[in-house]
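Residues 1 to 196, numbered by the UniProt record's numbering, are exactly what the sequence shown covers, in order.
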Amino acid sequence: MFTGIIEEKGEVVAVEAAGGGARMSVRGPVVTSDARHGDSIAVNGVCLTVVDVRGDVFTVDVMKESLDRSSLGALSEGGAVNLERAVRADQRLGGHIVQGHVDGTAALLSREPGDNWDDLRFGLPASLSRYVAEKGSIAVDGISLTVTTVDDGSFGVSLIPTTLKLTTLGERQVGDLVNLEVDVIAKYVERLVGAR
Numbered sequence: 001m002f003t004g005i006i007e008e009k010g011e012v013v014a015v016e017a018a019g020g021g022a023r024m025s026v027r028g029p030v031v032t033s034d035a036r037h038g039d040s041i042a043v044n045g046v047c048l049t050v051v052d053v054r055g056d057v058f059t060v061d062v063m064k065e066s067l068d069r070s071s072l073g074a075l076s077e078g079g080a081v082n083l084e085r086a087v088r089a090d091q092r093l094g095g096h097i098v099q100g101h102v103d104g105t106a107a108l109l110s111r112e113p114g115d116n117w118d119d120l121r122f123g124l125p126a127s128l129s130r131y132v133a134e135k136g137s138i139a140v141d142g143i144s145l146t147v148t149t150v151d152d153g154s155f156g157v158s159l160i161p162t163t164l165k166l167t168t169l170g171e172r173q174v175g176d177l178v179n180l181e182v183d184v185i186a187k188y189v190e191r192l193v194g195a196r
């Protein structure tokens with residue numbers, strides 16, 4: 001489990017195709033400081049398992065399913081990614097419950113810079129719109145954000161200077177694809193209510 005509080009921006013140092021999936025190596029001095037084989041690290045919001053650590057670079061295998069459901073397949077050497085280690089049970093949950101199980105992708109539709117923050121609007125796939133609520137939580141490329149506005153086809157968020165500086169959302173341009181993970185609690189409530 002993750003919190004959506006990004007620990008650092010990492011850099012993709014290698015991507016190799018591997019049997020329909022990929023093997024990816026990422027530089028991240030903070031997340032590799034205590035990383036071991038088998039640990040979970042979220043890369044742009046996708047929970048991946050560490051298979052090797054060498055210095056400040058960790059390597060992960062990315063299944064075809066993850067490539068198909070996320071924007072990871074578009075990453076190449078030199079690309080910036082958001083990184084977060086799995087939360088320990090004795091840590092604060094600073095964002096919201098993030099599983100690292102991406103529900104879909106969406107394009108950045110608009111970006112309005114402000115004096116102290118930027119307002120961003122993203123597309124919202126119809127299959128996910130029922131899980132997104134104004135003032136609710138959503139993970140965008142692994143970042144825990146509060147939804148400011150929502151309609152059937154899009155949602156908005158406001159980014160403070162820290163988020164703009166320390167995550168990849170500060171660099172995203174209109175048309176760029178991002179990973180979305182809706183609030184897991186909303187999905188479970190729907191499932192339980194639907195079963196009645």
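C-beta: ideal position from N, C-alpha, C; glycine also.
Because the structure is a prediction, the values reported are computed rather than measured.
Report the three-state DSSP secondary structure of PRO161 (helix, strand or coil).
-> Indexing the sequence shown from 1 puts residue 161 at position 161. The answer is helix: DSSP assigns PRO161 an H, G or I state.
Below 8 Å on the Cβ atoms is my guess for VAL81 versus ASN44; work out the distance and round it to an integer in Å.
-> Counting from 1 along the sequence shown, the entry for residue 81 is found at position 81. Counting from 1 along the sequence shown, the entry for residue 44 is found at position 44. Going by Cβ atoms, the distance from VAL81 to ASN44 rounds to 5 Å, so yes, they are a contact pair.
Which of helix, strand or coil DSSP assigns to ARG69 = In the sequence shown, residue 69 corresponds to position 69, counting from 1. When DSSP states are grouped into helix, strand and coil, ARG69 belongs to the helix group.
Given GLY20, which residues of its chain have a CB within under 6 Å of its CB, disregarding the five upstream and five downstream residues?
-> By 1-based counting over the sequence shown, the position of residue 20 is 20. Once the five neighbours on either side are set aside, the close Cβ partners of GLY20 are LYS64.
For ARG130 and PHE155, the rounded distance between their alpha carbons | The residue you call residue 155 lines up with position 155 of the sequence shown. The residue you call residue 130 lines up with position 130 of the sequence shown. For PHE155 and ARG130, the distance between alpha carbons rounds to 12 Å.
Please state if the CB of VAL57 and the CB of residue 197 are separated by a distance shorter than 8 Å.
-> Residue coverage of the chain in this structure runs from 1 to 196, which leaves residue 197 outside it and unanswerable.
CB contact flag (ALA136, ASP183, <8 Å) | Your numbering for residue 136 matches position 136 in the sequence shown. Your numbering for residue 183 matches position 183 in the sequence shown. First, the amino acid is wrong: residue 136 is Gly here, not Ala. Taking 8 Å as the cut-off, the beta carbon of GLY136 is found closer than this to the beta carbon of ASP183.
Beta-carbon proximity check, ILE160 vs GLU84, cutoff 8 Å = In the sequence shown, residue 160 corresponds to position 160, counting from 1. In the sequence shown, residue 84 corresponds to position 84, counting from 1. No, the pair does not count as a contact, with Cβ atoms beyond the cut-off.
Bridge-paired residues (DSSP) for ALA80 = Against the sequence shown, residue 80 aligns to sequence position 80. ALA80 is bridged to GLU11.
CB-CB under 7 Å to THR149, same chain, minus the five flanking residues each way: which ones, in chain order?
-> Residue numbering aside, residue 149 sits at position 149 when the sequence shown is read from its first letter. For THR149, where only same-chain residues beyond five positions count, the Cβ hits under 7 Å are GLU134, PHE155, GLY156.
Look up residue 283 in the DSSP assignment and say whether it is helix, strand or coil.
-> The first residue shown for the chain is 1 and the last is 196, placing residue 283 beyond what the model contains.
Relative to the C-alpha of GLU171, which residue among ALA86, ASP141, VAL102 is closest?
-> Locating residue 171 in the sequence shown gives position 171, where the first residue counts as 1. Closest by C-alpha distance to GLU171, out of ALA86, ASP141, VAL102, is ASP141.
Comparing alpha-carbon positions, which option in GLU7, THR162, THR3, THR105 lies nearest LEU128?
-> Residue mapping note: residue 128 aligns to position 128 of the sequence shown, counting from 1. It is THR105 whose Cα lies nearest to the Cα of LEU128.
So is LEU124 buried or exposed if we call it buried at 16+ other beta carbons inside 10 Å?
-> As a first step, residue 124 must be located in the sequence shown, where it is residue number 124. LEU124 comes out buried.
In chain order, what residues of the same chain lie with their CB nearer than 6 Å to the CB of SER110, ignoring the 5 residues before and after it?
-> Here residue 110 refers to the residue found at position 110 of the sequence shown. Closer than 6 Å at the Cβ level, and outside the excluded window around SER110, lie ARG121.
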